[in-house]
Amino acid sequence: MIPDIPSKLMHLIRILEASDSADFLFLKKAVSATKLSANDLKPFALFNHPADQSYGRHLLYESHRLKIFLMCWAPGDFTAIHDHGQTEWGCVIALGDFTHRLYYLEDERLNLKSVEPFGEGQIACLKGDLIHMMGNAGNRNIMSLHIYGSDSANKSLAKRSRVYFPEKKKVITTNGPAFLSCPEDSILEQEYFDSVDKNALLDYLNLIKLRSEKTRQRGVKGPARQIHPQEGIKSYNNPAEGGSKSDNTPAQGGRKSYNIHAQAGSKPYNVPEDIDGKLKNPALFNQN
Ligand SMILES: [Fe+2]
275 MIPDIPSKLM
285 HLIRILEASD
295 SADFLFLKKA
305 VSATKLSAND
315 LKPFALFNHP
325 ADQSYGRHLL
335 YESHRLKIFL
345 MCWAPGDFTA
355 IHDHGQTEWG
365 CVIALGDFTH
375 RLYYLEDERL
385 NLKSVEPFGE
395 GQIACLKGDL
405 IHMMGNAGNR
415 NIMSLHIYGS
425 DSANKSLAKR
435 SRVYFPEKKK
445 VITTNGPAFL
455 SCPEDSILEQ
465 EYFDSVDKNA
475 LLDYLNLIKL
485 RSEKTRQRGV
495 KGPARQIHPQ
505 EGIKSYNNPA
515 EGGSKSDNTP
525 AQGGRKSYNI
535 HAQAGSKPYN
545 VPEDIDGKLK
555 NPALFNQN
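The opening residue of the sequence shown carries number 275 in our numbering; numbering runs sequentially from there.
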């Protein structure tokens with residue numbers, strides 16, 4: 275039997291669909307108010323994804339301006355380094371402790387910005403130009419909830435994201451997921467890319483090596499991940515100068531305010547009569 279989407283998540287969806295746009299402060303308040311937990315989402319977890327998919331990706335909700343995925347991470351599951359294409363606003367909610375890397379481009383060169391972990395309960399801002407990599411370096415299954423939004427009618431959610439493969443000296447543009455083994459049919463464009471800072475490259479290769487060890491420990495069979503034949507990769511010393519945080523709270527301004535707590539007697543937020551979207555399984559839409 276397919277479980278119902280938790281009422282807490284439905285509540286969040288209604289808030290987001292009713293908003294004109296959702297800056298990070300708004301998103302953070304809305305998400306915090308719902309008090310979503312890993313237990314609420316456990317019935318939707320999919321940890322038995324195929325070996326060539328480097329993490330589990332379960333689309334829970336989709337509309338013209340909003341997509342919500344539950345990502346499921348077995349030990350050793352990692353994304354590739356990627357940005358978020360045409361996503362205009364969004365966030366990631368950690369429902370477990372993640373290894374996380376933030377990057378930035380400077381003169382087309384990929385550099386490390388932060389190696390701070392992304393811990394359980396944290397909410398991180400997400401926009402199209404955010405370049406990151408995340409994964410599960412621990413020994414138990416964990417999950418994360420990803421919200422992607424776009425208010426421009428001429429843009430499609432999370433499309434045309436760039437995925438970097440430093441070990442293969444290439445970057446691809448895709449409308450698909452940021453798997454470490456990107457399906458050929460999801461590649462829109464492919465370019466030579468060899469402009470990676472040395473620390474960023476060594477750190478990346480160490481993560482890939484760790485992924486390989488973790489997946490081997492859990493007995494995953496499948497196409498082996500190609501590792502750059504580089505000898506003497508040393509332990510990575512945190513190069514992140516100043517230790518920037520992953521929560522980039524954008525400036526407020528020009529936002530309509532909503533009562534996201536919906537307390538008794540308070541003015542209710544404007545819930546649309548008919549949410550212009552659908553859950554991936556209509557049966558899941560039954561809410562009390
Ligand atoms: Fe991402």
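In this text, a Cβ means the ideal position worked out from N, Cα and C, and glycines have one as well.
Under the three-state DSSP convention, the category residue i falls into
| i | result |
| --- | --- |
| N385 | strand |
| H332 | strand |
| F318 | helix |
| E380 | strand |
Distance, residue j Cα to residue i Cα
| i | j | result |
| --- | --- | --- |
| V494 | A325 | 7 Å |
| N322 | D403 | 30 Å |
| K443 | D278 | 44 Å |
| G350 | F343 | 20 Å |
| P469 | W363 | Checking the sequence, you will find Ser at residue 469 rather than Pro. Those two C-alpha atoms are separated by around 28 Å. |
| Y438 | R339 | 26 Å |
| M407 | K401 | 14 Å |
| C346 | G359 | 21 Å |
Proximity to residue i [Cα-Cα], best of the options
| i | options | result |
| --- | --- | --- |
| K302 | R375, A354, A312 and L290 | L290 |
| V305 | F392, Y329 and C399 | C399 |
| S281 | K387, L340, M345 and K309 | K309 |
| E441 | A312, Q360 and N480 | N480 |
| A307 | N413, L283 and L475 | L283 |
| L334 | G393, R383, S418 and A368 | S418 |
| A319 | H332, S311, Q327 and S328 | H332 |
Residue i: first and last residue of the uninterrupted alpha helix (DSSP H) it sits in
| i | result |
| --- | --- |
| S486 | K472 to Q491 |
| K303 | F298 to T308 |
| L315 | A312 to L315 |
Span of the beta strand (DSSP E) around residue i
| i | result |
| --- | --- |
| S418 | I416 to G423 |
| I446 | K444 to T448 |
| K282 | Careful: K282 lies outside any beta strand (DSSP E), inside the alpha helix (DSSP H) at S281 to A292. |
| L462 | I461 to Y466 |
| G364 | W363 to L369 |
Minimum Cβ-Cβ distance from residue i to chain B less than 7 Å
| i | result |
| --- | --- |
| H406 | Within the model displayed, chain B is absent; a lone protein chain is all it includes. |
Cβ contact check for the region 461-471 and the region 481-494: 3 or more pairs under 8 Å: no
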